[in-house]
Amino acid sequence: KQEVTQIPAALSVPEGENLVLNCSFTDSAIYNLQWFRQDPGKGLTSLLLIQSSQREQTSGRLNASLDKSSGRSTLYIAASQPGDSATYLCAVNDTGRRALTFGSGTRLQVQP
Amino acid sequence: GAVVSQHPSRVICKSGTSVKIECRSLDFQATTMFWYRQFPKQSLMLMATSNEGSKATYEQGVEKDKFLINHASLTLSTLTVTSAHPEDSSFYICSARSAGGLRTGELFFGEGSRLTVL
Chain A
1 KQEVTQIPAA LSVPEGENLV LNCSFTDSAI YNLQWFRQDP GKGLTSLLLI QSSQREQTSG
61 RLNASLDKSS GRSTLYIAAS QPGDSATYLC AVNDTGRRAL TFGSGTRLQV QP
Chain B
1001 GAVVSQHPSR VICKSGTSVK IECRSLDFQA TTMFWYRQFP KQSLMLMATS NEGSKATYEQ
1061 GVEKDKFLIN HASLTLSTLT VTSAHPEDSS FYICSARSAG GLRTGELFFG EGSRLTVL
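Top to bottom, those sequences are chains A and B.
Here the first sequence is numbered in the numbering used here, starting from 1 and rising by one per residue.
Here the second sequence is numbered in the numbering used here, starting from 1001 and rising by one per residue.
Here it is, written out as structure tokens:
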């Protein structure tokens, strides 16, 4: 059974810092991996999708990398802003299962 | 981007009543939708996979008679919480899988439905 772990569970940084969120998964046979943002009491906003054949994806100040063989992904946020404060969820889509398995998330607080 | 609409966003009901939550894909067809629940400060747990035109597939430990899922069309899935009890209070989120286009395989999520059972 796929298990997804996110480290750290919580992170507080001053505005302007670059930061890295980590995600690891136990079964490397994945179809793709998605990073989401969730604001309190809200649904999920998809940030980046990496297909299993890709190594990274970029969108604005966000960059996500994927190392399938080692079961790891990182989300890099450049020049963090208070508006980036949210919970960031990593989720993997297992080959053949098509449902996402979520990590427990990293709660990010960017201090102005 | 693709939009998934969930309704209602919030619902409060009395214990013993049934509540229906709708999930619609607004600008794409979704042969498969997924229902998750999320307890406070926890991650999302998959409840069931909803397939258009066939019975839903439930995860272990999820009562299919309590959480009725109907996927009546390629754009609509419904989750009915029957005879709701306070322990069913949770945040329910649906997602739909894009069947084609540049973002094939990507999952899009609704805004969630907060259920409170008194």
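Note that beta-carbon positions come from the ideal geometry of N, C-alpha and C, so glycine has one too.
Bridge-paired residues (DSSP) for A/N18: For the purposes of this step, residue 18 of chain A is identified with residue 18 of the first sequence, where counting begins at 1. The partner list for A/N18 (beta bridge, DSSP) is empty, contrary to what the question assumes.
Buried versus exposed call for A/N18 [16 or more other C-beta atoms within 10 Å across all chains shown]: To locate residue 18 of chain A, count along the first sequence from 1; it is residue 18. So A/N18 ends up on the exposed side.
Cross-strand partners of B/K1020 (DSSP beta bridge): The residue given as residue 1020 of chain B occupies position 20 in the second sequence. B/K1020 pairs with B/T1080.
is_contact[B/R1024, chain A] using C-beta, thresh 8 angstroms: Here the question's residue 1024 of chain B lines up with position 24 in the second sequence. Not an interface residue.
DSSP bridge partner residues for A/E56 (one or two, in chain order): Working through the first sequence from its first residue, we reach residue 56 of chain A at position 56. DSSP output for A/E56 lists A/S65 as bridge partner(s).
Under the three-state DSSP convention, the category A/D94 falls into: The residue given as residue 94 of chain A occupies position 94 in the first sequence. Strand, per DSSP.
heavy atom of the ligand ATP below 7 angstroms from A/S53 C-beta: Within the structure as shown, the ligand ATP is missing, as the structure has no ligands at all.
Buried/exposed call for B/E1087, threshold 16 Cβ in 10 Å: Residue 1087 of chain B sits at position 87 when you count from the first residue of the second sequence. Result: exposed.
Contiguous alpha helix (DSSP H) assignments of at least 4 residues, all confined to the region 1033-1103 of chain B: none
Segment contact flag, the region 87-94 of chain A with the region 20-37 of chain A, C-beta cutoff 8 angstroms, min 3 pairs: yes
Nearest neighbour of B/Y1058, chosen from B/Y1036, B/A1072, B/T1082 [CA to CA]: Along the second sequence, read from residue 1 onward, the residue named residue 1058 of chain B stands at position 58. Comparing Cα-Cα distances from B/Y1058 to each of B/Y1036, B/A1072, B/T1082, the minimum goes to B/Y1036.
Positions along the region 81-109 of chain A whose CB lies within less than 7 angstroms of some CB in chain B: L89, N93, R98, A99, L100, F102, G103, S104, G105
C-beta contact flag for A/D84 and A/I77 at 8 angstroms: Against the first sequence, residue 84 of chain A aligns to sequence position 84. Against the first sequence, residue 77 of chain A aligns to sequence position 77. Yes, the Cβ-Cβ distance between A/D84 and A/I77 is below 8 angstroms.
Closer than 8 angstroms at the beta carbon, the chain A residues around B/S1043: As a working mapping, residue 1043 of chain B is identified with position 43 in the second sequence. Those within 8 angstroms of B/S1043 in chain A are L89, F102, G103, S104, G105.
Sub-8 angstroms separation of A/Q34 and A/L49 beta-carbons: Taking the first residue of the first sequence as 1, we reach residue 34 of chain A at position 34. Taking the first residue of the first sequence as 1, we reach residue 49 of chain A at position 49. Yes; because the gap between Cβ atoms is below 8 angstroms, this pair is in contact.
Proximal residues of chain B, C-beta to C-beta of A/S46 below 8 angstroms: Position 46 of the first sequence holds residue 46 of chain A. What A/S46 touches in chain B: G1001, E1106, L1107, F1108, F1109.
Contact check, B/V1117 vs B/A1084, beta carbons under 8 angstroms: By 1-based counting over the second sequence, the position of residue 1117 of chain B is 117. By 1-based counting over the second sequence, the position of residue 1084 of chain B is 84. Yes, Cβ-Cβ distance for B/V1117 and B/A1084 is below 8 angstroms.
Contact the region 1060-1070 of chain B vs the region 96-105 of chain A: 3+ CB pairs below 8 angstroms: no
Contacts that A/K42 makes with chain B (C-beta to C-beta distance below 9 angstroms): The count along the first sequence starts at 1 and reaches residue 42 of chain A at position 42. Within chain B, the residues near A/K42 are E1111, G1112.
Minimum Cβ-Cβ distance from A/Q57 to chain B less than 8 angstroms: Locating residue 57 of chain A in the first sequence gives position 57, counting from the first residue. No, A/Q57 does not count as interfacial toward chain B.
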